[in-house]
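Below is one structure, written out as C-alpha cells; comments come after it.
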Amino acid sequence: MWLYITIGLVALLIGIAIGFFIARKYMENYLKNNPPINEQMLKVMMTQMGQKPSQKKINQMMQQINKLQKK
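Using numbering that gives the first Met the number 0, the first residue of the sequence shown is number 0, and each one after it goes up by one.
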C-alpha cells in the first residue's frame, strides 16, 4: 500500500519537474521568435507620448530591449 503511494508521489513530482522545464523552454523559444515589442510598436508609443520618433532613437531603444532580453 505504502509502496503505491510513494511511487505515485515520486511520479507526480517527476512529471511536474519535466513539465516545468518543457514549458520554460517553449516560452523562451516563443519569445525569441516573436518578440513582444517591435519597431512599429515603439514608434506608436513614442508618438502617443508626444515625442517625434527618429530612426536613430528607435534603433537605440531596440538594442537596449534586445540586450535586456538576452540577460
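Note that the Cβ used here is the ideal one computed from N, Cα and C, for glycine as well.
Taking only three categories from DSSP, how would you classify residue i?
{"i": "Gly14", "result": "helix"}
{"i": "Gly102", "result": "There is no way to answer for residue 102, as the model of the chain reaches only from 0 to 70."}
{"i": "Met26", "result": "helix"}
{"i": "Asn37", "result": "coil"}
Is residue j closer than 8 Å to residue i when the C-beta atoms are compared?
{"i": "Lys42", "j": "Ile57", "result": "yes"}
{"i": "Met61", "j": "Pro52", "result": "no"}
{"i": "Ile64", "j": "Ile36", "result": "yes"}
Could you spell out where the alpha helix (DSSP H) holding residue i opens and where it closes?
{"i": "Ile57", "result": "54-69"}
Can we count residue i as close to the ligand SAH, meaning its CB is less than 7 Å from some heavy atom?
{"i": "Leu11", "result": "The ligand SAH is not among the ligands present in this structure, which contains no ligands whatsoever."}
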